[in-house]
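For the sequence shown, position 305 (counting from the first letter as 1) is numbered 305 according to UniProt numbering, and the numbering increases by one without interruption.
Beta carbons: idealized from backbone N, C-alpha and C, even for Gly.
Here's the structure, in structure tokens; my notes come after.
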Amino acid sequence: MIAETRERLDAMPGWISQQTQSSTYPRAFLAAAEARGADRAQMLADAGLDAQRVEDPEGRLSLREVWMLAAVTRVRSGDPTLGFACGDSMPLTAHGNLGYALLCAGTPREAVGLLQRFWHLRGRGVQLLVNESDNDMFMELVPECALPPRLVDLMFSSIATSMFRGMEFLIRDLPGTAEIWLQGPAPDGVETWQARLPTLRFSMPRAGIHLVGDLSVMDQPLATANPEGLRAAVAQCERESALSDPGGDVLRRVRAMLLAGPNGYPSPVMLAERLHMTPRTFRRRLQEQGFSYQQLLEEARRRDSCQLLRDPEREIRRISDQLGYLNPANFTRAFKSWTGMTPREWRQQSSH
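Right, here's the structure in full:
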């Protein structure tokens, strides 16, 4: 995993080497791995990191360094569930000014809005997409770069666990059903975390936190609400945002615009026009982020397929058409490659 991660990182755009990341998260991975018997000095050496930089509370690392260290801690700890342990150890205050803003928000819905607005301050390299219907909210995690699948599972299990713990702290009674979805297979030893977290679902078409039930709780006042503290925290977040590099904005906007309409998904030419770019510039900007239009289209299809399949009245053939597949067999093959199940099998399982 270490060699694979290093090779993949070498091929990524230069912005991942900018020192924009807090040292909080690397320290959390190191601590979790140490608790499992890994040697701290050896892990830092493997990742090519100086201990002083990591230990400095004000220290900044690059995404490349953070991802490399995460891969090293996973290998040296020998624990495929390390991400859950890392996320479980981080309270809201570990997320700096953004964490304080969430604590001071008036309602859970306002907190989610703040999380989306300032996610880039703490979640660079991963995007947060929030989709909500009447009784359904999905907080989706999407990588900004084409990382090795095992590293994505490690990072996403940590992020989703940390997010869920924050939600538990803020919201006294979570709506109906809460689930954590991950795209990789269930790791060895996950039974421990199945008992401590909400339902964990693996081999899913997308990753994130899924809430189903009465979402009116999202508009209830939070016990920790503090308007004065919120103003101060938001001001600090805005200051951080003004000083940070806004890279990845094109990728975020394309993902937000890739929605299936009556005529399917928008084409590359249509997206380029909406972004006021030539098609050639559009392709180049995506390539700089390590993606292509086709990859993002497949992401959108994975995302939307689950939502559409949850409606038992919607025929699978109609879903296939809406997602832009020429025939249902193509959709079935694609969906099975994402989840290991056919659309019909997944629908039956998710209804239980």
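* Any contact of the region 141-152 with the region 48-60, i.e. 3+ C-beta pairs under 8 Å? -> The way I'd put it, the region 141-152 doesn't touch the region 48-60; fewer than three beta-carbon pairs between them come closer than 8 Å.
* Asked: Touch check for the region 259-274 and the region 124-143: three-plus C-beta pairs under 8 Å?
  -> No, because fewer than three Cβ pairs between the region 259-274 and the region 124-143 fall closer than 8 Å, the two stretches do not touch.
* Three-way DSSP call (helix, strand, coil) for V190 in this model -> The sequence position of residue 190 within the sequence shown is 190, counting from 1. Reduced to three states, the DSSP call for V190 is coil.
* Quick one: is E228 buried, meaning 16 or more other Cβ sit within 10 Å of its Cβ, or exposed? -> Indexing the sequence shown from 1 puts residue 228 at position 228. Classification for E228: exposed.
* Outcome for A41 when other beta-carbon atoms lying within 10 angstroms are tallied against a minimum of 16 -> Looking up residue 41 in the sequence shown gives position 41. Per the 10 Å Cβ criterion, exposed.
* Asked: By a C-beta neighbour count over all protein chains shown, 10 Å radius and 16 as the cutoff for buried, is R255 buried or exposed?
  -> For the purposes of this step, residue 255 is taken as the residue at position 255 of the sequence shown. Answer is buried; the Cβ neighbour count reaches 16.
* **Any 3 or more C-beta pairs closer than 8 Å across the region 165-182 and the region 59-74** => As far as the Cβ criterion goes, the region 165-182 does not touch the region 59-74, which means the pair count is below three.
* To do: Pick helix, strand or coil for D304, following the three-state DSSP scheme.
  => Looking up residue 304 in the sequence shown gives position 304. Helix, per DSSP.
* Three-state class that DSSP yields for T339 in the structure shown -> For this step, residue 339 is matched to residue 339 along the sequence shown. In the structure shown, T339 falls within a helical segment according to DSSP collapsed to helix, strand and coil.
* Helix, strand or coil: which one does DSSP assign to N131? -> As a first step, residue 131 must be located in the sequence shown, where it is residue number 131. The three-state reading of DSSP puts N131 in strand, counting E and B together.
* To do: Could you have a look at L121 and say whether DSSP puts it in helix, strand or coil?
  => Translated into the one-based positions of the sequence shown, residue 121 becomes position 121. Here L121 sits in helix by DSSP.
* Give me whichever residues DSSP pairs with Q348 in a beta bridge. => Indexing the sequence shown from 1 puts residue 348 at position 348. Looking at the DSSP assignment, Q348 forms no beta bridge with any residue, so it has no partner.
* Consult DSSP for M139 and reduce its assignment to one of helix, strand or coil. => Taking the sequence shown and counting its residues from 1, one reaches residue 139 at position 139. In the three-state scheme derived from DSSP, where H, G and I count as helix and E and B as strand, M139 is classed as strand.
* Spatially closest choice to S77 from R117, F29 and L102, by CA coordinates -> The residue given as residue 77 occupies position 77 in the sequence shown. By alpha-carbon distance to S77, the top candidate from R117, F29 and L102 is F29.
* State the DSSP-derived secondary structure class of L151, mapped to helix, strand or coil. => In the sequence shown, residue 151 corresponds to position 151, counting from 1. In this structure, L151 counts as helix in the three-state DSSP scheme.
* Asked: How many Å lie between L200 and D153 at the Cα?
  -> Numbered from its first residue, the sequence shown carries residue 200 at position 200. Numbered from its first residue, the sequence shown carries residue 153 at position 153. In this structure, the alpha-carbon of L200 lies about 13 Å from that of D153.
* **Assumed close pair P328, S320 - CB separation to whole angstroms, cut-off 8 Å** => Taking the first residue of the sequence shown as 1, we reach residue 328 at position 328. Taking the first residue of the sequence shown as 1, we reach residue 320 at position 320. Right, the Cβ-Cβ distance comes to about 4 Å (below 8 Å), so this counts as a contact.
* **Terminal residues of the beta strand (DSSP E) in which S77 lies** => Counted from its first residue, the sequence shown places residue 77 at position 77. Looking at the DSSP string, S77 is not in any beta strand (DSSP E); the run it does join, the alpha helix (DSSP H), is L63 to S77.
* **Rounded C-alpha distance that separates S241 from L121** => Numbered from 1 along the sequence shown, position 241 holds the residue referred to as residue 241. Numbered from 1 along the sequence shown, position 121 holds the residue referred to as residue 121. Cα-Cα distance, rounded: 7 Å.
* Asked: So, A94 versus L230, is the Cβ gap smaller than 8 Å?
  -> Indexing the sequence shown from 1 puts residue 94 at position 94. Indexing the sequence shown from 1 puts residue 230 at position 230. No.
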